């Protein structure tokens with residue numbers, strides 16, 4: 582008997598769509614479990630993961646078994662669960678995708694040494710910013726920046742810069758684009774101040790933002806902020822140069838910035 586081609590029946594299509602939807606739902610739940618771990622959570626119990634995700638413990642347990650098999654979580658001796666090694670491997674790949682690691686690490690180290698404060702490099706991720714690299718000073722009191730942590734996009738000097746030099750049209754970004762840097766006093770953390778400048782790559786693309794942040798009482802005096810701003814602009818210029826970006830705006834910003842820009846009402 583000759584074989585004939587026939588289109589899949591409606592029942593077959595419905596079954597395939599149902600299976601696909603079910604698979605997506607499982608992934609969504611697995612991602613929800615991983616997202617339940619906060620920055621300060623070393624480990625979480627089954628009950629806490631169930632509470633945070635709203636999933637039944639039996640469902641959480643099945644998902645955790647699959648995530649543990651893939652290296653995304655690990656079960657500790659006390660029965661709690663912690664993040665496994667797989668996310669770290671993916672985070673390393675994510676960092677490398679920006680092709681700025683060798684450049685940025687040495688620049689941030691020098692910037693932190695020059696200013697005595699925490700130096701960081703941020704990239705935009707949707708409506709948030711991520712600290713991709715950072716170098717902290719040896720002093721005991723300093724601004725804490727967690728690599729890989731997401732921060733609010735519209736707060737802090739680096740967030741303002743990322744908004745100003747992308748497609749964002751928020752209030753005040755035009756002035757930042759014109760002068761080439763941004764400062765922040767206690768926007769994300771009441772006791773922290775920061776100053777940031779953009780890093781450009783080939784074709785004028787915004788690569789990210791370099792920032793210096795520190796205790797507000799130490800960094801916010803106008804003369805100190807001026808020095809930090811010039812150091813940040815210098816580091817951003819060097820990073821942009823090494824990445825093939827245009828440095829004209831950063832050169833102009835270094836020449837134009839004065840202590841009055843940081844005076845109250847400046």
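Residue numbers (my numbering): 582 to 847.
Glycine included, each C-beta is placed from N, C-alpha and C at the ideal position.
All figures in this text were calculated on a predicted structure; none of them were measured in a lab.
With H, G and I counted as helix, E and B as strand and the rest as coil, what does DSSP make of residue i?
| i | result |
| --- | --- |
| residue 668 | helix |
| residue 793 | strand |
| residue 718 | coil |
| residue 682 | helix |
| residue 825 | strand |
| residue 654 | strand |
| residue 691 | helix |
| residue 583 | Since pLDDT at residue 583 reaches only 46, below the 50 mark, its modelled position is unreliable, and the value read off the structure follows with that caveat. Note: residue 583 maps to coil in three-state DSSP. |
| residue 644 | helix |
| residue 775 | strand |
| residue 594 | Only weak support exists for where residue 594 lies, its pLDDT of 48 falling under 50; the value from the coordinates is given anyway. Residue 594: helix per DSSP, three-state reduction. |
| residue 723 | coil |
| residue 836 | helix |
| residue 700 | strand |
| residue 639 | helix |
| residue 728 | coil |
| residue 841 | helix |
| residue 769 | coil |
| residue 608 | helix |
| residue 615 | helix |
| residue 625 | strand |
| residue 705 | strand |
| residue 630 | helix |
| residue 713 | strand |
| residue 848 | Any property of residue 848 remains undetermined from this structure, which presents the chain solely from 582 to 847. |
Assign residue i to buried or exposed, taking buried as 16 or more other Cβ atoms, counted over all protein chains shown, within 10 Å of its Cβ.
| i | result |
| --- | --- |
| residue 804 | exposed |
| residue 704 | buried |
| residue 662 | buried |
| residue 673 | exposed |
| residue 684 | buried |
| residue 826 | buried |
| residue 701 | buried |
| residue 844 | exposed |
| residue 724 | buried |
| residue 588 | Caution applies to residue 588, whose pLDDT of 45 falls short of 50 and renders its modelled position unreliable; the model cannot decide the point. |
May I have the straight-line CA-CA distance separating residue i from residue j, to the nearest angstrom?
| i | j | result |
| --- | --- | --- |
| residue 717 | residue 699 | 4 Å |
| residue 608 | residue 732 | 25 Å |
| residue 595 | residue 761 | Caution applies to residue 595, whose pLDDT of 46 falls short of 50 and renders its modelled position unreliable; the model cannot decide the point. |
| residue 709 | residue 797 | 23 Å |
| residue 764 | residue 694 | 20 Å |
| residue 842 | residue 690 | 26 Å |
| residue 824 | residue 792 | 18 Å |
| residue 619 | residue 686 | 26 Å |
| residue 882 | residue 630 | Coverage of the chain is limited to positions 582 through 847, which leaves residue 882 absent and any answer about it impossible. |
| residue 612 | residue 603 | 14 Å |
| residue 780 | residue 758 | 12 Å |
| residue 790 | residue 782 | 12 Å |
| residue 802 | residue 697 | 14 Å |
| residue 712 | residue 659 | 32 Å |
| residue 836 | residue 819 | 15 Å |
| residue 622 | residue 833 | 44 Å |
| residue 808 | residue 840 | 9 Å |
| residue 626 | residue 822 | 48 Å |
| residue 669 | residue 682 | 16 Å |
| residue 806 | residue 650 | 50 Å |
| residue 653 | residue 829 | 44 Å |
| residue 831 | residue 786 | 14 Å |
| residue 640 | residue 664 | 18 Å |
| residue 719 | residue 606 | 46 Å |
| residue 734 | residue 754 | 13 Å |
| residue 799 | residue 728 | 23 Å |
| residue 788 | residue 746 | 10 Å |
Rounded to whole angstroms, how far is the Cβ of residue i from the Cβ of residue j, which I believe are closer than 8 Å?
| i | j | result |
| --- | --- | --- |
| residue 648 | residue 614 | 7 Å |
| residue 624 | residue 671 | Contact flag wrong, Cβ pair sits at about 20 Å. |
| residue 655 | residue 636 | No, residue 655 and residue 636 are not in contact; Cβ-Cβ is about 19 Å, not under 8 Å. |
| residue 533 | residue 633 | Residue 533 is absent from the model: the chain starts at 582 and stops at 847. |
| residue 794 | residue 726 | 7 Å |
Less than 7 Å between the CB of residue i and some heavy atom of the ligand SAH, yes or no?
| i | result |
| --- | --- |
| residue 646 | Here there are no bound small molecules, and the ligand SAH is not part of this structure. |
Would you verify that the beta carbon of residue i is, or is not, closer than 8 Å to some beta carbon of chain B?
| i | result |
| --- | --- |
| residue 809 | Given the protein chain composition of this structure (a single chain), no chain B is represented. |
Is the region 760-769 close to the region 733-747, with three or more CB pairs under 8 Å? Yes, the region 760-769 touches the region 733-747.
Are at least three pairs of beta-carbons, each pair with one atom in the region 805-823 and one in the region 772-782, less than 8 Å apart? By the criterion of at least three beta-carbon pairs nearer than 8 Å, the region 805-823 is in contact with the region 772-782.
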